[in-house]
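As C-alpha cells, the structure follows; a few thoughts come after it.
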Amino acid sequence: MSIKIDENRCVGCRACVEVCPGNLIKISEKNKSFIKHERDCWGCTSCVKACPKQAISFFLGADIGGRGASLTVESHGTIRTWKISINDGSVQEIQVDSSDANKY
Ligand code: SF4
Ligand code: SF4
1143 MSIKIDENRC VGCRACVEVC PGNLIKISEK NKSFIKHERD CWGCTSCVKA CPKQAISFFL
1203 GADIGGRGAS LTVESHGTIR TWKISINDGS VQEIQVDSSD ANKY
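The opening residue of the sequence shown carries number 1143 in my numbering; numbering runs sequentially from there.
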C-alpha cells in the first residue's frame, strides 16, 4: 500500500506531515511534501483526508482488488466525498458524513 503526492497541487502546508502516524512524510527544500520510504506506508489514509488540496492519492493495489485504481477525498464540513479513479478513466464517488461515525 502506498500513496502518491502530486507536487503540482502541494502547497507545503505540512498537514500530511503532522498526521502521519509513522512520520513518513517530509517536506523538501522546494516546500513540497514527499514520502521517502513508500513501502513503510500502511495505508491509514490520514494524510489523504488531511490534505486540503487533494494532492495525495492512495493506491488501491491488486492485493485488495483495486487493480491500480486510486483514491482521493474532498471534505466540505462533515461531508467527505471519496473518489475512486479507475484505470479505464471512470470515477466512482462515495459520500460519507463523518458526524455519523461511531453512531452504530
Ligand atoms: S497513508 Fe497513513 S501511513 Fe501512509 S503516508 Fe499517509 S498518513 Fe502515513
Ligand atoms: S497536506 Fe497536501 S498540500 Fe499540505 S503539504 Fe501535504 S501534500 Fe502538500
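No residue lacks a Cβ here, since even glycine has one placed at the ideal position from N, Cα and C.
Keep in mind that this is a model prediction, so the values were computed, not measured.
Quick one: does the C-beta of Cys1155 sit closer than 7 Å to a heavy atom of ligand 2?
-> For the purposes of this step, residue 1155 is taken as residue 13 along the sequence shown, with counting starting at 1. Result yes, Cβ under 7 Å from ligand 2.
Contact set for Val1233: own chain, Cβ-Cβ below 8 Å, skip 5 residues either direction = Reading the sequence shown from its first residue, position 91 is the one you call residue 1233. Contacts found: Lys1225, Ile1226 and Ser1227.
Complete alpha helix (DSSP H) runs within the region 1167-1232 (minimum length 4 residues, chain order) = 1188-1192
Could you pull the start and end residues of the alpha helix (DSSP H) that Ala1243 belongs to?
-> As a working note, residue 1243 is residue 101 in the sequence shown. Here Ala1243 belongs to no alpha helix (DSSP H), and DSSP marks it neither H nor E.
Reducing DSSP to helix, strand and coil, say where Glu1149 ends up.
-> Start at 1 with the first residue of the sequence shown, and residue 1149 comes out as number 7. Glu1149 falls in the coil class under three-state DSSP.
How close, in whole Å, do the beta carbons of Ile1167 and Val1159 come, if the pair is a contact with beta carbons under 8 Å?
-> If you number the sequence shown from 1, residue 1167 lands on position 25. If you number the sequence shown from 1, residue 1159 lands on position 17. Ile1167 to Val1159, Cβ: 5 Å. Contact.
So what does Glu1160 bridge to, in DSSP terms?
-> As a first step, residue 1160 must be located in the sequence shown, where it is residue number 18. Paired residues: none, contrary to the question.
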